[in-house]
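In the working numbering, the protein residues as written are 11 to 225. Ideal Cβ positions, reconstructed from N, Cα and C, are used throughout, including at glycine. First up is the structure itself, then whatever we jot down about it.
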């Protein structure tokens with residue numbers, strides 16, 4: 011029988027009592043989080059032998075026509091030398107896409123069905139700190155990154171101020187240790203070196219080979 015895998019989010023938490031375990035009470039602050047909680051409950055009720063993965067905000071190379079993630083958005087702006095405001099009062103443990111793929115595959119391979127797992131990098135940092143680390147790894151001008159607060163973006167949907175996840179269950183049950191944000195960004199940078207110009211990501215074939223080596 012086929013198994014069902016559901017991808018949820020740290021948006022199921024309100025950010026008031028971080029960090030969060032898999033069994034921490036959920037209390038979303040926006041509609042997106044509400045839909046994730048509702049879906050999790052349906053999965054647990056009707057498909058109890060499924061796996062629920064709660065992921066944090068991911069970063070890595072995406073296709074040009076896809077929505078940018080925090081890393082590719084920053085790279086695009088910093089490459090164009092655009093001053094970029096980044097909030098210093100919203101915290102998260104970001105997640106490198108390669109680490110996410112590794113954790114998901116290993117969990118399925120070990121048949122850890124009927125469980126909920128958190129997947130995230132180990133560092134609980136602000137978006138501003140993330141931007142600074144990315145600038146360091148990719149060699150951009152740090153002065154282009156401007157510190158600001160979430161108050162300046164108050165017209166957007168509300169977000170938890172600190173929705174960092176605890177990944178101890180993943181480490182013990184699956185054997186996946188979270189990497190640091192700096193390590194994830196360095197791996198992302200290493201991927202970019204495969205392209206002829208060194209400025210864009212390499213071919214899909216080479217990216218697949220890279221992930222195989224990482225696994």
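Cross-strand partners of residue i (DSSP beta bridge)
i: residue 128; result: 64
i: residue 135; result: 102
i: residue 94; result: 155
Per-residue DSSP class, three states only, for residue i
i: residue 158; result: strand
i: residue 20; result: helix
i: residue 34; result: coil
i: residue 193; result: helix
i: residue 177; result: coil
i: residue 39; result: coil
i: residue 186; result: coil
Closest residue to residue i among the options (Cα-Cα distance)
i: residue 10; options: 93, 180, 39; result: Only positions 11 to 225 of the chain appear in the structure, and residue 10 is not among them; the question remains open.
i: residue 45; options: 18, 159, 81, 160; result: 18
i: residue 87; options: 41, 148, 172; result: 148
i: residue 95; options: 201, 136, 16; result: 136
i: residue 113; options: 25, 63, 197; result: 63
i: residue 200; options: 163, 162, 108; result: 108
Sub-9 Å separation of residue i and residue j beta-carbons
i: residue 105; j: residue 85; result: no
i: residue 191; j: residue 143; result: yes
i: residue 167; j: residue 42; result: yes
i: residue 184; j: residue 120; result: yes
i: residue 122; j: residue 187; result: no
i: residue 69; j: residue 195; result: yes
i: residue 79; j: residue 73; result: no
i: residue 65; j: residue 27; result: no
i: residue 36; j: residue 23; result: yes
How do the segment 53-63 and the segment 98-106 stand: do at least 3 beta-carbon pairs fall below 8 Å, yes or no?
no
May I ask you to verify whether the segment 76-84 touches the segment 165-174, counting CB pairs closer than 8 Å and requiring at least 3?
no
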